[in-house]
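This report refers to the structure that appears directly beneath it.
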Amino acid sequence: MKVTFQIEGASPVQIECNAGDNLLELARRANVAIDAPCSGNGSCGKCRVKLLEGELESIPSRHITTEEYEAGWRLSCNSKVAGDCTVFVPDIASAYQSRMKTADLSSAEEVAIFQKAQQEIAAGGILFENNYCALQLEMTPPSEEDTMPDIERLQWAMQGAMDGCAQVKVPYTVMVKLAATLRENDFRVCVKGHRQDDVFECMDICPYEDTAIVGCAIDIGTTTVSMVLVDLTDGKILAKGSSGNGQIRYGADVINRIIEQTRPGGKKKLQDAIVKETLTPIIANLCRSAGINARSILRLTVGANTTMNHLLVGVDADPVRMDPYIPSFFGWEGLLAQDLHLPANPLAPVVIAPNIGSYVGGDITAGTLATMIWDKDEMSLFIDLGTNGELVFGNRDFLMSCACSAGPAFEGGDISCGMRATDGAIEACIIDVATMEPTLTIVGDAGQKPVGICGSGIIDIISELFRCGMINAKGLFSREGDRIKRDQHGMGRYVIATAEESETGREVSINEVDIDNFIRAKGAIFSAIDTLLSSVDMTVDCIDKVYVAGGIGSGINMKNAVNIGMLPDVELEKFRYIGNSSLTGAYAMVVSDEANAKCAEVAANMTYLELSTYPGYMDSFVAACFLPHTDRSLFPNSVQEQ
């Protein structure tokens, strides 16, 4: 049997299969990106495809109406092949990887935030220096009178060019190209490598004019991957880019990906998804953009959560999710680009920012480095909002960290019309109190109609519904109006865009189940903050500064986030968005040997709090699952129309 995937905006993909094969699994085998945040358990309703020809055995789903089913729409996770068929995969299913809106230095504002962070790191006394260098050498060609071997000729020339260098190491990868490179360039070459004390290790030998020595800083998020290429001589950014994490088709959260990894061939599938499908194309594109050879990349640094680090290197991540939650590694020294088959100098070290715990990883270590809170007297709270929520609290005297399982709601998961921040996503909203009409800000070009709601838009909509008195503290609709509809069971929903107003011809709305899911997600964030503060016998009044990082943070209206009880009710002036702090920290690490050492020191000095076993956390979580909170005194500035 054959299944043909007719992908919107791309060439069809055909795959051989057997009767009864699951359609979502077939798509994964065929490398067809179908967004499945729940990894195929049927709960999210996002893996919609349309049957064009043939037949599928599909289990009925509450996510597909009778009219949609008759029109051919199916959930791929609930469908099995019954014969040759052709299915249409809408563009929304794959746009996450190519058109994700990310905080990756894609705007002047993000560039300014990134540069300010670097200036603060430098002002903190960290020198942006490293021991990588490129040496241009001119040697006398051998002759009958001068029969010195090539390697000795090179070593003598290098020792003469470097004062105090007693030893030059030439590894195999350089040795095998030494003779040809010397003769092709008339013994005028450039040698690139790393000097440690009086030892220089060659990493490449190139034509005389090729003096580029480059570093690559990478942030591997659960949802998105961002990267910069950097000149190691002066720290200048040569190129920047990002895309969706190719692993996302195996689930929106780390737990689903860990489960997928435990299946036969799972570790290789997950590793290939990040290395081959995500990192390799980005690096290749950036190298083309910067006009450099990938072999000029002499060091790579990675900021990623604990699970992403395990999946990157192909190490079993299952113990991360199992009690007592012990990862295979926190730090890893000696990892090289050739070990991961990355397009870089094969001897380039891949420096992974150290993990702190099972759910607080190197992205938080790198982010903490970037915030400089480890070098300040003021009490600072650092929050990284993404697919999960990670927090750090403290100052130069102590640092406490924890992670909360907020679920995928901040990325649009568990929300009926939720989506990631791609074209058509509602990212901001204001509702008129009197008319209940919304004013929307939508990702994409001018005139773009709404498709769904991304994380920042959900925060705004719920805050506005609460402010306007349209929902109560439990998230239930308490007003009636033209845009408030109810189903046959009485469940209310707010229609943000009618079928005629939307891009897809489907209504964009938010219902009471969506609101409840989001309230639990925001409750997880605030209860984590509350528990972290309580663990050191402090309250929100002790917070001097709140640093908010992560892709969703760029679009968050801080006032609205406070209004619904997601972030602590402190003066708005204390909040500061710091962009992709993981990438900022990874940049500092790739350029600066001192920053590299400091990052390891910060990780070693940080205390990790495991919320799942901490007394009182569940009580705090339950109390936070209201708008804004069961204890209104914690949110004196939260507003609701009566």
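Per the numbering used here, residue 95 is the first one in the sequence shown, and the count goes up by one each step. Built from N, CA and C at the ideal position, the CB exists for glycine as well. As the structure is a prediction and not an experimental result, all values here were calculated from the model.
For residue i, which residues from the same chain have a beta carbon less than 7 Å from its beta carbon, with the 5 sequence-adjacent residues on both sides left out?
i: Ala121; result: Phe99, Ile128, Ser170
i: Gly538; result: Asp517, Gly518
i: Lys195; result: Low confidence applies here, because Lys195 scores a pLDDT of 46, under 50, leaving its location unreliable; read the following figure in that light. Result list for Lys195: Ala515, Thr516, Val537, in chain order.
i: Ile458; result: Ile450, Asp478, Glu484, Val486, Ser495
i: Leu463; result: Gly679, Ala682, Ala689, Lys692, Cys693, Val696
i: Gln743; result: Shown here, the chain extends from 95 to 736; a query on residue 743 therefore has no answer.
i: Thr598; result: Val545
i: Asp325; result: Val308, Leu332
Pull the bridge partners of residue i from the DSSP assignment, please.
i: Met494; result: Phe487, Thr701
i: Pro443; result: Leu430
i: Lys692; result: Paired residue(s): none; Lys692 is not in a bridge.
i: Gly397; result: Asp313
i: Asp325; result: Val308
i: Val545; result: Note: Val545 sits in no beta bridge, so no partner.
Could you pull the start and end residues of the alpha helix (DSSP H) that residue i belongs to?
i: Asn379; result: 374 to 384
i: Leu364; result: 360 to 368
i: Ile556; result: 549 to 561
i: Leu118; result: 117 to 123
i: Arg88; result: The requested residue 88 does not occur in the structure, where the chain is confined to residues 95 to 736.
i: His60; result: Limits of the chain in this structure are 95 at one end and 736 at the other, which puts residue 60 out of reach.
i: Asp713; result: 711 to 718
i: Glu164; result: 160 to 164
i: Tyr588; result: Unbroken run through Tyr588 is the beta strand (DSSP E), 586 to 591; no alpha helix (DSSP H).
i: Leu248; result: 244 to 255
i: Ile458; result: 456 to 465
i: Tyr775; result: Outside the shown range of the chain, which is 95 to 736, sits residue 775, and nothing can be said about it.
i: Val270; result: 266 to 278
i: Arg415; result: 412 to 415
i: Ala655; result: 652 to 657
Taking its Cβ as the centre, do 16 or more other Cβ atoms sit within 10 Å of residue i, making it buried, or is it exposed?
i: Ala187; result: At Ala187, the pLDDT of 43 sits below 50, so the modelled position is not reliable and the matter cannot be decided from this model.
i: Phe492; result: exposed
i: Val684; result: buried
i: Glu606; result: buried
i: His723; result: buried
i: Tyr266; result: exposed
i: Val270; result: exposed
i: Arg142; result: buried
i: Glu756; result: In the structure as shown, the chain begins at 95 and stops at 736. Residue 756 is therefore absent and cannot be evaluated.
i: Asn654; result: buried
i: Gln212; result: buried
i: Arg614; result: buried
i: Asn225; result: exposed
i: Pro243; result: exposed
Note the first and the last residue of the continuous beta strand (DSSP E) segment covering residue i.
i: Ser336; result: 331 to 338
i: Thr535; result: 532 to 536
i: Glu295; result: 293 to 301
i: Ser603; result: 602 to 605
i: Glu238; result: Neither: Glu238 is in no beta strand (DSSP E) and is coded neither H nor E.
i: Glu665; result: Premise fails: Glu665 is in no beta strand (DSSP E) and is neither H nor E.
i: Asp478; result: 474 to 479
i: Ala643; result: 639 to 643
i: His288; result: 282 to 290
i: Ile142; result: Per the sequence shown, the amino acid found at residue 142 is Arg instead of Ile. From DSSP, the beta strand (DSSP E) with Arg142 extends over 142 to 147.
i: Arg343; result: From DSSP, Arg343 is part of no beta strand (DSSP E); its letter is neither H nor E.
Is the shortest distance between the beta-carbon of residue i and the beta-carbons of chain B less than 9 Å?
i: Met416; result: In the structure shown, chain B does not exist; there is a single protein chain.
Can you list, in chain order, the residues of its chain with a C-beta nearer than 6 Å to that of residue i? Leave out the 5 residues immediately preceding and following it.
i: Glu151; result: Lys174, Ala176
i: Ala189; result: Residue confidence for Ala189 is low, a pLDDT of 48 falling below 50, so the modelled location carries little weight; the figure read from the coordinates is stated next. Around Ala189: Thr516.
i: Ser192; result: Note that Ser192 scores a pLDDT of 48, beneath 50, so its modelled location is shaky; the value from the coordinates is reported in the next line. Closer than 6 Å at Cβ, skipping near neighbours: no residue.
i: Arg247; result: Met233
i: Ser621; result: Ser714, Phe715, Ala718
i: Arg389; result: Asp298, Asn439
i: Cys132; result: Cys138
i: Asp663; result: Val656, Phe729, Asn731
i: Lys668; result: Lys639, Val640
By Cβ distance below 8 Å, which residues in the same chain neighbour residue i in space, the five residues on each side in sequence not counted?
i: Glu472; result: Asn489, Asp638, Lys639
i: Cys284; result: Ala228, Leu229, Gln230, Leu231, Ile299, Cys300, Pro301, Tyr302, Glu303, Asp304, Thr305
i: Ala698; result: Pro448
i: Asp412; result: Ile352, Gln355, Thr356
message: Does the contact criterion of 3 or more C-beta pairs under 8 Å hold for the stretch 410 to 428 versus the stretch 370 to 379?
response: Because the criterion of three Cβ pairs below 8 Å is not met, the stretch 410 to 428 and the stretch 370 to 379 do not touch.
query: Would the stretch 334 to 342 and the stretch 470 to 477 be scored as touching if the rule is three or more Cβ pairs under 8 Å?
result: Flag = no, the stretch 334 to 342 and the stretch 470 to 477 do not touch.
message: I want to know whether the stretch 552 to 569 touches the stretch 580 to 598 - three or more CB-CB distances under 8 Å.
response: The stretch 580 to 598 and the stretch 552 to 569 touch, with three or more beta-carbon pairs separated by less than 8 Å.
- prompt: Between the stretch 286 to 298 and the stretch 248 to 258, do three or more beta carbon pairs fall short of 8 Å?
  reply: Contact holds between the stretch 286 to 298 and the stretch 248 to 258, because three or more Cβ pairs, one in each stretch, are under 8 Å apart.
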